[in-house]
Every structure is written in structure tokens, then in C-alpha cells.
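Student: First the structure, which I've put down as C-alpha cells, then a few questions once you've had a look.
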Amino acid sequence: MKVPAPGRPVRPTRSPRTEAPLEAAGDPTISRIARAALDGTILGQERAIRSLGQALGGGHFPHAWIFHGPAGVGKCTTAVRAAAVLIDPRSGDRQRQQCVPDPSSESARYLRAGTHPDLRIIRAELAGTSADRELRDRKQNNIPVALLREQMIGGVDSSGSRLDAPVYRSSVMGAGKVFIIDEAERLETDGQNVLLKTLEEPPPGTVIILITNSLDRLLPTVRSRCQSLAFFPLAPEVMVGWLNENLGQVTGAARQFVEAYADGSPGAAVTAVELGLQAWHAELLPMVDQLERGECPLSMAERMNELASEVAEAAVKRNENASKEAANRRATGLLFSVIGAEVRRRLRASAAVPSKLEYWSQVPGLVADAEQNLRANVNQKLALADFVVQWSALEGAR
Numbered sequence: 018m019k020v021p022a023p024g025r026p027v028r029p030t031r032s033p034r035t036e037a038p039l040e041a042a043g044d045p046t047i048s049r050i051a052r053a054a055l056d057g058t059i060l061g062q063e064r065a066i067r068s069l070g071q072a073l074g075g076g077h078f079p080h081a082w083i084f085h086g087p088a089g090v091g092k093c094t095t096a097v098r099a100a101a102v103l104i105d106p107r108s109g110d111r112q113r114q115q116c117v118p119d120p121s122s123e124s125a126r127y128l129r130a131g132t133h134p135d136l137r138i139i140r141a142e143l144a145g146t147s148a149d150r151e152l153r154d155r156k157q158n159n160i161p162v163a164l165l166r167e168q169m170i171g172g173v174d175s176s177g178s179r180l181d182a183p184v185y186r187s188s189v190m191g192a193g194k195v196f197i198i199d200e201a202e203r204l205e206t207d208g209q210n211v212l213l214k215t216l217e218e219p220p221p222g223t224v225i226i227l228i229t230n231s232l233d234r235l236l237p238t239v240r241s242r243c244q245s246l247a248f249f250p251l252a253p254e255v256m257v258g259w260l261n262e263n264l265g266q267v268t269g270a271a272r273q274f275v276e277a278y279a280d281g282s283p284g285a286a287v288t289a290v291e292l293g294l295q296a297w298h299a300e301l302l303p304m305v306d307q308l309e310r311g312e313c314p315l316s317m318a319e320r321m322n323e324l325a326s327e328v329a330e331a332a333v334k335r336n337e338n339a340s341k342e343a344a345n346r347r348a349t350g351l352l353f354s355v356i357g358a359e360v361r362r363r364l365r366a367s368a369a370v371p372s373k374l375e376y377w378s379q380v381p382g383l384v385a386d387a388e389q390n391l392r393a394n395v396n397q398k399l400a401l402a403d404f405v406v407q408w409s410a411l412e413g414a415r
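According to my numbering, the stretch in the sequence shown is residues 18 to 415, in order.
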């Protein structure tokens, strides 16, 4: 995308220009992320922001991106910050070169309200408010093609009606449009394929950013059409500073767990505190000790299933359109992340003991296999039971 000079915005001509809504009901998710992007500090991602500033300041900004890296380190916030520069007609050389939007502009006001007409963040839960009843009633297990058509690329809906393509509409404020697809790894394969043409040749003045924690779950054909930008965990000293400022009330053993669990991710730290994951860790730890001794804790798989189900059921109660399957998958992912934090600790502690190091090095592969089984719709209880049995069969530590 060629970045327009101040006062000379790129204006697609596919559809008539309309006025920006001043006081429309805003998208709370966009509002929350935009406030962080405009008013907060993005820690630990200086390299990514510098790369974006160089691309913006150079006048030629790639029209399709993949922001990839661990969850909770600022990928989506950074995407919205870049979007704020791109879609603001007042952005000047300083804003572009530093990838720092003007926080006082009219465009920034729309972003804070969640009403900016030139930014969309596409995510699975938008299906719950769709005008398409079939899409609205569908469980939010992933990002279906129908949601992509409604929110971005157009096409025919479930009733046979033809949908307008928002990606081809003119920029309302005149500076360009940005479409962000969050958790892009949840795009169905058909959806990724349908997206290819738009990724390769988007309308003038349009930028598409895919956000993912799992780059390998995007098709090679999608990856090859996008500029890739890596995000990393925060450095330990930066993470400690963030914890002191934002979670200073968490102390002692709880603080030690949160710091180890987060592993450089502020988002993971918040999740650990909000969901009380330290209690999960305390409950699973004796069972992990049994596994290390070569024993098979028969109750472990059942208890893991119960913990995941409790969190999933609470999530579904909060959102009646949420998919129980997707909620279970997220909850088991949290369980495996708690186990992963303990495995990382033991790997570091085993560095000088080759047999133990070999033993603990095998466990992440078992976790990956179990998560793949769950994505393949293997029964959750069976997948967890198989995980525990496979772990108990490992040799090396005892």
C-alpha cells in the first residue's frame, strides 16, 4: 500500500462515500484495544514497531501482514496502533516514521469510542450479532466463511442474498481502511482459501492484518501473500516491571507462579490471576510428581477434564452463542499451559542432569500431540487419558 502524503489520502472509488457516525453505539472490543494503542505503552515490541515505522515512513506499506507470536504480548494492540496511523487523514511524517498515532485527532476519538468506520476487527464472536440467522445461531467454534463474507469480502449468505463487500467500500474518512482478523488460526480452511485473492490484490488504500499465536496453522498460500512480523515475549526485567505496576497486589507464592506461568506475556499473567490458575497448578503438581516417578495417577485425566469443563461451562453461560467445544478447547489449552509452565521450570532445573533433561524434553511433544487430538475432535476425556498414559510411559527421569 502506498501511504498517502498528508492532505492527499488514497480514496477507493468502488462505492459512494458516507459520513462517519459521530455517536453510534461502539464496538467495546475495538474501544478497549484502541485506548491501549493510543494512550498506553506497548512494552517489549520495539523491533516490530520500528519495522512498522520504517514501512510507513518509507511510503510503501505492504497491504497484507501476519503478526505472529505468543498470546498476550501486544500483537493486536500494535495492529490497532498501526491502523490508527493509516486511517487518520492527519497523520504526518512523525506519526508514520515512529508508528505513533495522533491521540488528539478526530480519528482517534472515533477509535476510542469503537465507532471508527474504517477499522474492523474480525473475530469469531461477531457471528453472535450477525444479521444472518443461520450464522448467528451457529456455535462460535471458529471463524466461518460466512462471517468473512459478511464482515469483509462479500458474497452470498445462507438465504441466497448477495452481500456487499465491506473491503471494497470507500474509506469514510478518506485515508484508507484496515481489516484485522484476530486469532486467524481459527479461520476454516475454506475461509483461508477464499481470502487468498483479497490478500493478493486488495482494493487501493486497504490493509489486512492477520493476528495469530500459531503461524503453522495458516496455509502456506496465505503466509506467502503476507509480510510476516514476529512478536516476542517480554524480557524478564521488563516483565517484572510490568507485574510490579499492574499486578502489585499479587505477592509471595502467587507472584512466583504468575511470573513463571506468564513467561513474558502480560496477557497470560492477567489470565492466570483472573482464573486462579495457581490453584490448578497446586492441584496438578502432586500428579506431575507421580508421573516423574513412573507412576500413572489414574485420577489426573478425569480431574483435568473436570477443571476444563468448569471453565468452559462458565464461558458458555456468559455467552449463549459460544461453542461448548471451542470453550472446552480453550480451557484444556489453559490446563496444558499450566503444565507447560511447570515443565519449563523442571527443564531449567534439570540442565545438569542429562537423564532428567532428556525426560522433561519429551513432555512438550506429548502436550502438542494431545492438543492436536483435541483439534481433530477426539473425545476430550479420551484425549486427556491418552496424554496421561503416554506421559507415564516415558523413561529417563527415574
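All C-beta atoms, glycine included, are put in the ideal place defined by N, C-alpha and C.
Just so we're clear, the structure is a prediction, and the values are computed from it rather than from any experiment.
#1: If you reduce the DSSP assignment to three classes, tell me which class Gln407 lands in.
#2: If you compare alpha carbons, which of Leu165, His133, Pro134 is closest to Arg140?
#3: Can you name the start and end residues of the beta strand (DSSP E) that Phe196 belongs to?
#4: Considering only their Cβ atoms, is the gap separating Ala393 from Phe404 smaller than 9 Å?
#5: On a CA-only basis, which of Glu202, Lys398, Leu374 is nearest Met317? Give me that one, please.
#6: If the criterion is Cβ atoms closer than 9 Å, does the pair Val90 and Phe249 meet it?
#7: Look at Ala348 and Ser326 and say whether their C-beta atoms are less than 9 Å apart.
#8: Have a look at Arg137 and Asp174 and give me their C-alpha separation to the nearest angstrom.
#9: Flag this pair as touching only if the stretch 96-105 and the stretch 42-56 have three or more C-beta atom pairs under 8 Å; answer yes or no.
#10: Between the alpha carbons of Lys156 and Gly76, how many angstroms are there, rounded?
#11: Would you mind giving the Cβ-Cβ distance between Tyr278 and Leu294, rounded to the nearest angstrom? I have them listed as a contact below 8 Å.
#12: If distances are taken between C-alpha atoms only, which option among Ala130, Arg129, Asp105, Gln379 comes closest to Pro118?
#13: Would you give the residue range spanned by the beta strand (DSSP E) that Phe84 belongs to?
#14: Return yes when the Cβ of Leu246 is within less than 9 Å of the Cβ of Trp82, no when it is not.
#15: Quick one: grab the DSSP three-state call for Gln397.
#16: Going by the DSSP bridge assignment, what does Thr173 pair with across the sheet?
#17: Given a cut-off of 9 Å on the beta-carbon distance, is the pair Pro162 and Gly131 in contact?
#18: Measure the alpha-carbon distance for Met321 versus Gln407 and round it to whole angstroms.
#19: Measure the C-alpha to C-alpha separation of Gln379 and Gly171 and round it to an integer number of angstroms.
#20: Looking only at DSSP bridge pairs, what is Ala247 linked to?
#21: In its own chain, which residues sit with a C-beta less than 6 Å from the C-beta of Glu217, not counting the 5 before and 5 after it?
#22: For His77, which of helix, strand or coil comes out of DSSP?
#23: What residues in its chain sit with their C-beta under 6 Å from that of Val255, if we drop five residues either side in the sequence?
#24: By the three-class DSSP mapping on this structure, what secondary structure does Thr229 have?
#25: Cα-Cα, which of Gly222, Ala252, Leu204 is closest to Thr229?
#26: Is Cys93 near Asp199, with beta carbons less than 9 Å apart?
Tutor: With the structure as the only source:
#1: If DSSP states are grouped into helix, strand and coil, Gln407 belongs with the helices.
#2: For Arg140, the nearest C-alpha among the options comes from Leu165.
#3: Counting along the chain, the unbroken beta strand (DSSP E) around Phe196 starts and ends at 194-198.
#4: Between Phe404 and Ala393, the C-beta spacing is not below 9 Å.
#5: Selection Glu202, Lys398, Leu374 evaluated against Met317 yields Lys398 as nearest (Cα-Cα).
#6: Yes, these two residues count as a Cβ contact at 9 Å.
#7: Their beta carbons are under 9 Å apart, which means Ala348 touches Ser326 by this criterion.
#8: Between Arg137 and Asp174, the C-alpha separation is close to 19 Å.
#9: A contact is defined here as three or more CB-CB pairs under 8 Å, and the stretch 96-105 meets this definition with respect to the stretch 42-56.
#10: Just so you know, the alpha carbons of Lys156 and Gly76 end up roughly 42 Å apart.
#11: Contact holds; Cβ gap of about 6 Å.
#12: Checking every option, the nearest Cα to that of Pro118 belongs to Asp105.
#13: Element bounds for Phe84: 81-85.
#14: Taking 9 Å as the Cβ cut-off, Trp82 and Leu246 qualify as a contacting pair.
#15: Here Gln397 sits in helix by DSSP.
#16: Strictly speaking, residue 173 in this sequence is Val, with Thr absent from that position. Answer is Arg179.
#17: It should be noted that the sequence gives Val, not Pro, for residue 162. Taking 9 Å as the Cβ cut-off, Val162 and Gly131 do not qualify as a contacting pair.
#18: Each residue's Cα considered, the two are about 15 Å apart.
#19: When the Cα atoms are used, Gln379 and Gly171 turn out to be separated by approximately 46 Å.
#20: DSSP, once it has assigned bridges, lists His85 as partnering Ala247.
#21: If you ignore the 5 residues before and after Glu217, its C-beta comes within less than 6 Å of the C-beta of Arg242, all in its own chain and listed in chain order.
#22: Taken through DSSP and simplified to helix, strand or coil, His77 comes out as strand.
#23: Counting only Cβ-Cβ distances below 6 Å, and skipping sequence neighbours, we find Leu60, Gly61.
#24: If DSSP states are grouped into helix, strand and coil, Thr229 belongs with the strands.
#25: Taking Thr229 as reference, the option from Gly222, Ala252, Leu204 with the minimal CA-CA separation is Leu204.
#26: Between Cys93 and Asp199, the C-beta gap is smaller than 9 Å, which places the two residues in contact.
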